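Following: one structure in structure tokens, then a few remarks.
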Amino acid sequence: MLKACYSDRYYSPTKSRSMEKLTAVAQALEARGLAELIDPHVIDIELLRQLHHPDLVDAFLVGKKPLATLQGFQWNKQLRDAVLSIQAGQLCGAALALKEGIAANIAQGFHHAGYDYGSGYCTFNGLALVAQQYPHKRVFVLDCDQHGGNGTAEFTERLPNLFNFTIFGLRFGCRDFERSIGRHIHPQEGNFSQYQAAMHEGFERILDWKTDLLIYQAGVDCHQRDPYGSAWFDTQSMMQRDRMVFEFAHRYQIPVLFVLAGGYQTLDQLVDLHVNTFLAAQAVYCPTVQFETATA
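The sequence shown lines up with residues 1466 to 1761 when you count with this note's numbering.
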């Protein structure tokens, strides 16, 4: 069974419902027998101080404004513990993926966080954290959130073993660097064929870079019903996108860690879309087991 990092500590009320969503997805996965939930325990805070400016980390630990709330959340101890647990899940999930070929972290809130700031509901950059933890492995982020992964892009300038390829409908200040490439697919004028072409370009980059670990940001805020979504991106296209990633990683035996990433629909709709990503993974890695697709 697919292993997914999750703990009850991931839960915290937020205005975007980002943390509530994680618990709802974990419960749905467990109820349907789609994943074995693994508690990642706690993270060594010193690892975050090495990744981010220590002032940012220390301010978040105690709730000191403005640094503690730059990501857009009201600070409290429950939020702090959730964010720290989710970061631990990134390291646990990476270790599982490297060992077993695939793993998930039922988490989001990474790619907008830069070295000395949080942004866009992202406090610390758990994508860059994995690259820091494995300095001798080439870590490639395939970011399919609707918003460009600006924070991860900046971290490629600090971490030589990190490559970022982000496909987005909304730029969110994301810039290209030597090892960070963005591809914009217009939310109204684009189409899924253009998106697929961008994905195939990403796959070529993954192979050319001789990637050791792929981190897939399976964002669902690009879905056509999402307030930030693309009009042409329906549920079936999103499942096809997910399956493309997993089939590619499986074919070339590249370990893959996937995370949930953004989504702002109703909670029930979000859960269905995220569960579908797990269904796509199961279809590739456990093809003899049959599960019913969520409708979203």
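By construction, the Cβ of each residue, glycine as well, lies at the ideal position given by its N, Cα and C atoms.
The model shown is predicted, which means the values in this text are computed figures rather than measured ones.
Quiz item: Between the Cα of Met1704 and the Cα atoms of Leu1722, Phe1657, Gln1730, Gly1667, which residue gives the shortest distance?
Solution: Looking at the Cα atoms, Phe1657 is the closest of the given residues.
Quiz item: In three-state DSSP terms, what is Arg1514?
Solution: Three-state result, Arg1514: helix.
Exercise. Drop a sphere of 10 angstroms on the beta-carbon of Gln1730, count the other beta-carbons inside from all chains shown, and report buried for 16 or more, exposed for fewer.
Key: With 16 or more Cβ atoms within 10 Å of its Cβ, Gln1730 is classed as buried.
Exercise. Only counting runs of 3 or more residues, tell me where the beta strand (DSSP E) segments fall wholly within the segment 1651-1713, in order along the chain.
Key: Those beta strand (DSSP E) runs which fall completely within the segment 1651-1713 and span 3+ residues are 1678-1682.
Quiz item: Three or more C-beta pairs closer than 8 Å, one from the segment 1649-1664 and one from the segment 1577-1585: is that the case here?
Solution: With a cut-off of 8 Å, the segment 1577-1585 and the segment 1649-1664 do not count as touching, because too few Cβ pairs lie within range.
Self-check item: Distance between His1506 and Pro1478 (C-alpha atoms, nearest Å)
Solution: For Pro1478 and His1506, the distance between alpha carbons rounds to 20 Å.
Quiz item: Can you give the Cα-Cα distance for Gln1689 and Lys1530, rounded to whole angstroms?
Solution: Using only the alpha carbons, I get a separation of about 36 Å.
Exercise. In angstroms with no decimal places, state the Cα-to-Cα distance between Gly1528 and Met1484.
Key: In this structure, the CA atom of Gly1528 is about 18 Å from the CA atom of Met1484.
Self-check item: Straight-line gap, Val1685 to Asp1520 (C-alpha atoms, nearest Å)
Solution: So the two alpha carbons sit approximately 32 Å from each other.
Quiz item: Going straight from the alpha carbon of Phe1637 to that of Arg1514, what length do you get?
Solution: Distance between the alpha carbons of Phe1637 and Arg1514 is about 25 Å.
Quiz item: What three-state label does DSSP hand Cys1557 in the structure shown?
Solution: Three-state result, Cys1557: helix.
Quiz item: Going by other Cβ atoms of all chains shown within 10 Å of its Cβ, with 16 needed for buried, is His1517 buried or exposed?
Solution: When all chains shown are included, His1517 counts as buried.
Self-check item: Distance, Ser1481 Cα to Arg1603 Cα
Solution: Looking at the two C-alpha atoms, the distance is approximately 33 Å.
Practice problem: Would you mind working out which of Ile1567, Leu1526, Val1548, Leu1512 sits nearest Asp1473, comparing C-alpha positions? | Solution: Each of Ile1567, Leu1526, Val1548, Leu1512 was checked against the Cα of Asp1473, and the nearest Cα belongs to Val1548.
Practice problem: For chain B, find out if any of its Cβ atoms is closer than 8 Å to the Cβ of Arg1670; answer yes or no. | Solution: Here there is only one protein chain, and chain B is not present.
Practice problem: Evaluate the contact criterion for the segment 1595-1602 versus the segment 1664-1671: three or more CB pairs, one atom per stretch, below 8 Å. | Solution: No: fewer than three Cβ pairs fall under 8 Å.
Practice problem: Would you kindly work out how many angstroms separate the C-alpha atoms of Asp1733 and Ala1493, rounded to a whole number? | Solution: Taking the straight line joining both Cα atoms gives about 10 Å.
Exercise. Go ahead and label Gln1701 buried or exposed: buried means 16 or more other beta carbons lie within 10 angstroms of its beta carbon, across all protein chains shown.
Key: Its Cβ having fewer than 16 others within 10 Å, Gln1701 is exposed.
Quiz prompt | Meets three-Cβ-pair contact criterion under 8 Å: the segment 1604-1613 and the segment 1720-1729 | solution = Contact between the segment 1604-1613 and the segment 1720-1729 is present, because at least three Cβ pairs lie under 8 Å.
Practice problem: Kindly indicate which residue of Ile1503, Phe1698, Trp1674 has the alpha-carbon position closest to the one of Asn1570. | Solution: For Asn1570, the nearest C-alpha among the options comes from Ile1503.
Self-check item: Residues sharing a beta bridge with Asn1629, DSSP
Solution: DSSP lists Val1606, Ser1645 as partners of Asn1629.
Quiz item: Do the CB positions of Gln1536 and Gly1583 come within less than 8 Å of each other?
Solution: Yes.
Quiz item: Is it right to say Met1466 is buried, meaning 16 or more other beta carbons lie within 10 angstroms of its own, or is it exposed?
Solution: So Met1466 ends up on the exposed side.
Quiz item: Under the criterion of a Cβ to heavy atom distance below 7 Å, does Thr1700 qualify as lining the ligand ADP?
Solution: Here there are no bound small molecules, and the ligand ADP is not part of this structure.
Quiz item: Taking all protein chains shown into account, do 16 or more other C-beta atoms lie within 10 angstroms of the C-beta of Glu1565, making it buried, or fewer, making it exposed?
Solution: Burial call: exposed.
Quiz prompt | Residue of Phe1525, Leu1624, Thr1534, Leu1561 minimising C-alpha distance to Glu1501 | solution = Minimum Cα distance to Glu1501 is reached at Leu1561.
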